[in-house]
Amino acid sequence: MTAIGASELVLIRHAPADHGGRLVGRTDVPALLPEPGALAPLVRLLSGARVVTSPALRCRQTAEALFPGAEAPQDARLWEQDFGAEDGLPFAELPDLGPLSRGALATRRPPGGESFTDLVSRCRPALEELAGEAAKGQGPIAVVAHAGVARAGLSLALGLPDAGLAFEIAPLSLTRLRAYDGGLSVIACNVTGQLSA
Numbered sequence: 014m015t016a017i018g019a020s021e022l023v024l025i026r027h028a029p030a031d032h033g034g035r036l037v038g039r040t041d042v043p044a045l046l047p048e049p050g051a052l053a054p055l056v057r058l059l060s061g062a063r064v065v066t067s068p069a070l071r072c073r074q075t076a077e078a079l080f081p082g083a084e085a086p087q088d089a090r091l092w093e094q095d096f097g098a099e100d101g102l103p104f105a106e107l108p109d110l111g112p113l114s115r116g117a118l119a120t121r122r123p124p125g126g127e128s129f130t131d132l133v134s135r136c137r138p139a140l141e142e143l144a145g146e147a148a149k150g151q152g153p154i155a156v157v158a159h160a161g162v163a164r165a166g167l168s169l170a171l172g173l174p175d176a177g178l179a180f181e182i183a184p185l186s187l188t189r190l191r192a193y194d195g196g197l198s199v200i201a202c203n204v205t206g207q208l209s210a
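Just add 13 to the spot in the sequence shown (first one is 1) and you have our numbering.
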């Protein structure tokens, strides 16, 4: 696995959430962290990166495990999508969204919540600010957040508001984006400790 470069914005999905079989977006639950030794390859790969995190407990715990002793500022714009009335529902009780096209899924807003395109709009300023710093060689910058935030970053890189929904984002995986003046390019998606040297 190639080393993380100074112009990279690395989006890290938190460790598996202790969700109890329920959808958790804004519900603040802890992470189910693996043994520290299992994280060693990711810790080495991310060595030297500056870290920013979502305020969610599962993200803060993941950041502490991956960046021991590092200061990890929180940015509320990096919260997971707000699923409104569907947040906290058992997975079996969630509506079947399979028939929706990707475009329709991106604009679907659960009652009292936000759509994926709303999430992209909310995350865009934070991700663009961090990408701008990385593009100037002030990185690498690691963002410990959620699957939705990683998908938002992919949507921004690809220039299509719903493109990120085409990606599955594994827990404790890295989405590596190269920041350059005027945009982002995708280096890799779903990079895990098992793939790094």
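Ideal Cβ positions, reconstructed from N, Cα and C, are used throughout, including at glycine.
Top-ranked residue by Cα proximity to residue i, from the options
i: Gly33; options: Ala165, Ser186, Ala105 and Pro138; result: Ala105
i: Leu214; options: Ile154, Glu127 and Ser128; result: With the chain covering 14 to 210 only, the question about residue 214 has no answer from this structure.
i: Val157; options: Asp100, Gly150 and Pro184; result: Pro184
i: Ala44; options: Val162, Ala163 and Arg73; result: Arg73
i: Phe129; options: Asp100, Gly177 and Pro138; result: Gly177
i: Phe96; options: Pro68, Glu84 and Asp131; result: Asp131
i: Ala165; options: Leu187, Ser134 and Gly150; result: Ser134
i: Cys202; options: Gly195, Arg189 and Leu110; result: Arg189
i: Ala160; options: Arg39, Ala19, Pro108 and Gly61; result: Arg39
i: Leu167; options: Asp88, Leu110 and Ile200; result: Ile200
i: Gly145; options: Trp92, Ala62, Leu169 and Asp194; result: Asp194
i: Glu21; options: Glu142, Phe180 and Leu173; result: Glu142
i: Gly172; options: Leu118, Leu110, Val204 and Ser198; result: Ser198
Reduced DSSP secondary structure (H/G/I, E/B, other) of residue i
i: Val199; result: strand
i: Leu187; result: strand
i: Gln94; result: coil
i: Pro49; result: helix
i: Thr66; result: strand
i: Val204; result: strand
i: Leu110; result: coil
i: Val156; result: strand
i: Ala192; result: strand
i: Pro103; result: strand
i: Gln211; result: In the structure as shown, the chain begins at 14 and stops at 210. Residue 211 is therefore absent and cannot be evaluated.
i: Glu21; result: strand
i: Arg121; result: coil
8 Å Cβ shell around residue i - same chain, five flanking residues per side excluded
i: Pro12; result: An answer regarding residue 12 cannot be provided, because it is not within the stretch 14 to 210 covered by the chain.
i: Ala98; result: Pro123, Pro124, Gly125 and Gly126
i: Leu79; result: Ile25, Leu52, Leu55, Val56, Leu59, Val64, Ala155 and Val157
i: Ala28; result: Ala44, Leu45, Leu46, Pro47, Arg71, Gln74, Thr75, Ala78, Pro184 and Leu185
i: Leu107; result: Leu36 and Glu99
Integer Cβ distance of residue i from residue j, believed to fall under 8 Å
i: Cys136; j: Arg90; result: 6 Å
i: Gly116; j: Asp175; result: 5 Å
i: Val23; j: Ala30; result: Not really, about 20 Å apart at Cβ, beyond 8 Å.
i: Ala147; j: Ala192; result: 4 Å
i: Ala19; j: Gly196; result: Their Cβ separation, rounded to whole angstroms, is 17 Å, which puts Ala19 and Gly196 out of contact at 8 Å.
i: Ala62; j: Ile17; result: 6 Å
Nonlocal neighbours in the same chain, by C-beta distance under 6 Å from residue i, ignoring five residues either side
i: Ala83; result: Val64
i: Ile182; result: Arg26, Ala160 and Ala163
i: Asp88; result: Val65 and Ala139
i: Gly101; result: Arg35 and Thr40
i: Glu93; result: Gly38, His159 and Gly161
i: Ala85; result: Val64, Thr66 and Ala76
Cβ of residue i within 9 Å of any chain D Cβ
i: Pro54; result: The displayed structure is made up of one protein chain only, and chain D is not part of it.
Close beta carbons around residue i, own chain, < 7 Å, minus the five adjacent residues each side
i: Thr15; result: none
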